[in-house]
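Plus 15 on top of the position in the sequence shown (first one is 1) and you've got our numbering. For glycine and all other residues, C-beta sits at the position ideal for the given N, C-alpha and C. This one's a predicted model, so the numbers in the text were calculated from it and none came from an experiment. Below is one structure; the comments refer to it alone.
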Amino acid sequence: MGLADASGPRDTQALLSATQAVELRRRDYHMERPLLNQEHLEELGRWGSAPRTRQWRTWLQCSHARARALLLQHLPVLVWLPRYPVRDWLLGDLLSGMSVAIMQLPQGLAYALLAGLPPVFGLYSSFYPVFIYFLFGTSRHISVGTFAVMSVMVGSVTESLAPQTLNDSTINETTRDAERVRVASTLSVLVGLFQVGLGLIHFGFLVTYLSEPLVRGYTTAAAVQVFVSQLKYVFGLHLSSHSGPLSLIYTVLEVCRKLPQSKLIGATGISYGMGLKHIFGVDVVGNISAGLVPPVAPNTQLFSKLVGSAFTIAVVGFAIAISLGKIFALRHGYRVDSNQELVALGLSNLIGGIFQCFPVSCSMSRSLVQESTGGNSQVAGAISSLFILLIIVKLGELFRDLPKAVLAAIIIVNLKGMLRQLSDVCSFWKANQADLLIWLVTFAATILLNLDLGLMVSVVFSLLLVVVRTQMPHYSILGQVPDTDIYRDVAEYSEAKEVPGVKVFRSSATVYFANADFYSDALKQRCGVDVDFLISQKKKLLKKREQLKLKQLQKEKKLQKQAASSKGASVSINVNTSLEDMRSNNVEDCKQVSPGDKMEDATANGQEDSKAPDGSTLKALGLPQPDFHSLILDLGALSFVDTVCLKSLKNIFHDFRDIEVEVYMAACHSPVVSQLEAGHFFDASITKKHLFASVHDAVTFALQHPRPVPDSPVSVTRL
């Protein structure tokens, strides 16, 4: 123990000495390297464009391995089911599947009412699509089936194409329901075709245009729509059908007007024992036929009427499913393939539509139950679908006297999760007010308009907001942090100082057609020099100087003509002069310089004088000079280059060179350099010597060369 205690201080002292030595070496550490412009960097790093891979060759390859890979890619159940850990996962999947089925039974019946269909078709939509997703899906935890938002979107379509009344006459209920089932099943097939097609062409990234604030605002507004649509079942009212903009407002007003006509009710047992349907006229589920229905081909004549709604429903359904799928995948450490999810969801709707199902998606409440009760894979979904099949075949009659008001209450209770999203207003206000604006516009548009127009308006507004935000980026003048090669905004860092004679300008966003003019204007404003005024004054003074020289030359020409005419009058010409004398006179005249030749030479000399550097400088013209000789554009934020950006950059070179300021560029990424080359940006006047690897390299070079680069002209052609 004594030796250990004695060695402790020595070890500590040795450790401190080593730490101090490292710290001293760190203080003395410095790096020296040559300045690197783009030409030197390409030569040093042996830069070359990346070889183009021809993906179509891979797609067209035919082999056993290729076929097997495609099969496993599009049928994921063959990958994970043989590796299924029965001992670890089966019990949890059984309990989870039963729990989800208990929820899915009343939800299926209730959401069929939202779709304007007989309740039994909600059970069909809870069986076929779920089992299809079990085979093709990649998420282990989402519960596919009926969903409130999707159902109300389907309901708006069925009620518009198969209304309750036609020409002030009530339509037969059986005929109306049959027509609505045909519309809903055809819509499901069309939705499935859209989703499968988009998935096969790898269009899964389409959902990225639906941001989280947009999806949450849309689902919240849809929850309000669903809540209002269930008031007629809760109070037992018969309302007229409303569709189109402001339909929600009209429905609420009608409910308030007819509220005194509402009926009080009980539960299923009371309804059956007391005959509420016959005595009080309480709406009940009605007959639930036992057994499955045969497949029916879709009505292709309805495709033209349903194509717009089908695409909207396809996008919304996929957005909700992939959002929840990625949340669970991130939580449990596995990957969800967005393109395969499109295919799986599309096949679920396509095959389900053939068996008279309506479009489905993923339910948030059931997915949470499936995860929280121990579900580990889609075996839980398969078990829930088999339980629903048992109810369809044998136990459906037990629910025929279930009042629709009970189903409405189930729907409203299941909306609480989405209605809680109203608190997003406070969270987005604190986190990001632009996202709050997207949420509010989406919510208001979906409430005031219908679900289709609301989604369209919200997507367009979200994209326009992105464009507006890129049009107003943060522009800054950079200064050097003392004793470093780091450059930061002088307005944010008090110790960052501008390098004398050099301006460094940076934009926080890429430069493209929507903000190129703003970039140029901000650059000229932040530099503190009225560039356009100096250029215009310089042109006026040079033009005035040329006009004065031309007037002076014209005056000299006039005097020369007068002198020549007076000399010609005093000389007599002998008409009989011999031919030899005339030839000799012509030779002598040719040797003399004519007044016209003198005028041309003088004009040429005047133009050369006007282009002389000493005569055309700002100082020689009496104009104020900028307090910097070099301008450096930090282009590190550029992610792409379009033709407008190329023209703007060339014009910047032209304008600042006209006021005797040389322009350099720094920190361009390799793809941007390639695009600059493809756009013929570099030429004899702008070379890669003007492009540097870093801002510090450009500043160092500018300080060493305070005048324009010798091998480049002073100005270029303005575009």
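- Closest in alpha carbon position to F146, among H156, L246 and S400, is S400.
- In this structure, M680 is the residue among M680, Q719, L321 and G694 with its C-alpha nearest to the C-alpha of K703.
- Note on geometry: alpha-carbon atoms of S200 and Q210 lie some 15 Å from one another.
- Exclusion of the five residues before and after F318 leaves L205 as the residues of its chain whose Cβ lies within less than 7 Å of its Cβ.
- Per the coordinates, the alpha-carbon of V92 lies some 25 Å from the alpha-carbon of I117.
- Excluding the 5 residues flanking it on each side, F533 has same chain C-beta neighbours closer than 7 Å at Q486, in chain order.
- The region 640-653 makes no contact with the region 565-572: fewer than 3 CB pairs, one atom from each, lie closer than 8 Å.
- Taking each of W444, L221, A537 and S685 in turn and checking the Cα distance to S338, the smallest one comes out for L221.
- For V222, no beta strand (DSSP E) run applies, since DSSP gives it neither H nor E.
- For R541, the enclosing alpha helix (DSSP H) stretches over residues A531 to R541.
- As DSSP reads the structure, I647 sits in a beta bridge with V519 and Y679.
- Under the Cβ criterion (8 Å, minimum of three pairs), the region 136-143 counts as touching the region 359-376.
- In the structure shown, P228 adopts helical secondary structure according to DSSP, grouped into three states.
- Within the region 476-519, the beta strand (DSSP E) runs of at least 3 residues that lie entirely inside it are, in chain order, 490-495 and 502-504.
- Beta bridge pairing from DSSP links G160 with S376.
- A direct Cα-Cα distance of roughly 16 Å separates V167 from M379.
- The Cβ neighbour count for Y248, taken over all protein chains shown within 10 Å, is at least 16; the residue is labelled buried.
- Taking all protein chains in view, the Cβ of G637 is surrounded by fewer than 16 other Cβ atoms within 10 Å, so the residue is classified as exposed.
- For D670, the enclosing alpha helix (DSSP H) covers residues T658 to D673.
- Of Q575, A635 and V482, the smallest CA-CA separation from Q552 is found for A635.
- I216 sits exposed, since fewer than 16 C-beta atoms from the chains shown fall within 10 Å of its C-beta.
- If one requires a minimum length of 3 residues, the beta strand (DSSP E) runs lying completely within the region 353-411 are 376-378, in chain order.
- Separation of the CB atoms of S203 and N364 is rounded to 5 Å, and the pair is thereby assigned contact status at 8 Å.
- Selection C683, P310, R155 and Q690 evaluated against L345 yields R155 as nearest (Cα-Cα).
- In this structure, I492 lies near R541, with their beta-carbon atoms less than 8 Å apart.
- Here H711 is buried: its Cβ has 16 or more other Cβ atoms, across all protein chains shown, within 10 Å.
- One thing to note: V496 has its Cβ no nearer than 8 Å to the Cβ of A506.
- When the Cα atoms are used, A312 and S324 turn out to be separated by approximately 20 Å.
- With fewer than 16 other CB atoms across the displayed protein chains lying within 10 angstroms of its CB, I264 is exposed.
- Secondary structure at N52: strand, using DSSP grouped into helix, strand and coil.
- According to DSSP, residue pairing for F707 in a beta bridge involves N52 and A681.
- By the neighbour-count criterion, in which 16 or more other beta carbons inside 10 Å mark a residue as buried, D498 falls on the exposed side.
- For W62, there is no enclosing alpha helix (DSSP H), as DSSP marks it with neither H nor E.
- By the criterion of at least three beta-carbon pairs nearer than 8 Å, the region 187-198 is not in contact with the region 347-359.
- If you ignore the 5 residues before and after C683, its C-beta comes within less than 7 Å of the C-beta of L650, L653 and L706, all in its own chain and listed in chain order.
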